[in-house]
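Residue numbers (my numbering): 6 to 57. Even for Gly, the Cβ is constructed at its ideal location relative to N, Cα and C.
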């Protein structure tokens with residue numbers, strides 16, 4: 006029973022780490038997006054303080 010819970014927990018933590026890395030990369034590179042074409046991604050950098 007605990008082996009399954011342990012494996013599930015490891016997978017959730019690993020998935021959260023990958024998601025955090027992807028979000029941080031998008032926030033970091035948001036100034037390279039053209040606001041005319043990608044308005045939502047260009048404004049993603051404004052959410053950095055909320056993300057922290």
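Item                                                                                       : Value
Backbone CA spacing between residue 26 and residue 6 [nearest angstrom]                    : 31 Å
Residue nearest to residue 30 in terms of C-alpha spacing, selected from 14, 47, 40 and 12 : 47
Nearest-angstrom Cα separation, counted from residue 42 out to residue 49                  : 14 Å
Where the alpha helix (DSSP H) containing residue 48 begins and where it ends              : That residue, residue 48, is in no alpha helix (DSSP H); it is neither H nor E in DSSP.
Cα-Cα separation, residue 9 to residue 39                                                  : 46 Å
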